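Asker: Quick one: structure below, then a few questions.
In my numbering, the protein residues as written are 2 to 158.
Okay, here's the thing in structure tokens:
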């Protein structure tokens, strides 16, 4: 077993005669010195530059936040969308959102819905024909029907 003072630099060479030789090089356990390393030569230059960049970034963010005014202030809440609750899952989710003070988002468009649910359930985008057919449908339960249809596809399993 190698002592702690032996460096982790191990070189294995396979000689032409088929022999495997192992060489170990001893080094001090101090910091590694690299010739030509500008950071080691002048670390304060790099650290000062890093501090200046960080401070400039913070200043820009503060300026941007100030320019946004009160429209993004934490005291102002968005209006919750009025979405009909269909079942106990909706009741549970919406009541949890209300308790947490999180407004519910509005329903997506039919185009967004078919894209999202198709990707979620099948891992694929819907065809242009499927999108056109879904958007043109006037069925009141077309979203429920689409979910059931996608759950029955081989891509879902």
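C-beta atoms are modelled at their ideal positions from N, C-alpha and C, and glycine is treated no differently. For clarity, every value in this text was computed on a predicted model and none was experimentally measured.
#1: Put residue 100 into one of helix, strand or coil per three-state DSSP.
#2: Per DSSP, what kind of secondary structure is residue 156 in: helix, strand or coil?
#3: Is it buried or exposed, residue 135, if we count other Cβ atoms within 10 angstroms and call 16 or more buried?
#4: What does the Cβ neighbour count give for residue 171, buried or exposed, with the cut at 16 atoms within 10 Å?
#5: Buried or exposed, going by whether 16 or more other CB atoms sit within 10 Å of the CB of residue 147?
#6: Taking the continuous alpha helix (DSSP H) assigned at residue 130, which residues delimit it?
#7: Residue 117: which of 132, 34 and 105 sits nearest, CA to CA?
#8: Under three-state DSSP, which class holds residue 67?
#9: Suppose you measure from the CA of residue 114 to the CA of residue 94; what does that come to, to the nearest Å?
Answerer: Judging by the given coordinates:
#1: helix
#2: coil
#3: A residue is called buried once 16 or more other Cβ atoms fall within 10 Å of its Cβ, and residue 135 is buried on that count.
#4: Residue 171 cannot be examined here, being either before or after the span of the chain that is shown, 2 to 158.
#5: buried
#6: 129-137
#7: 132
#8: helix
#9: 19 Å
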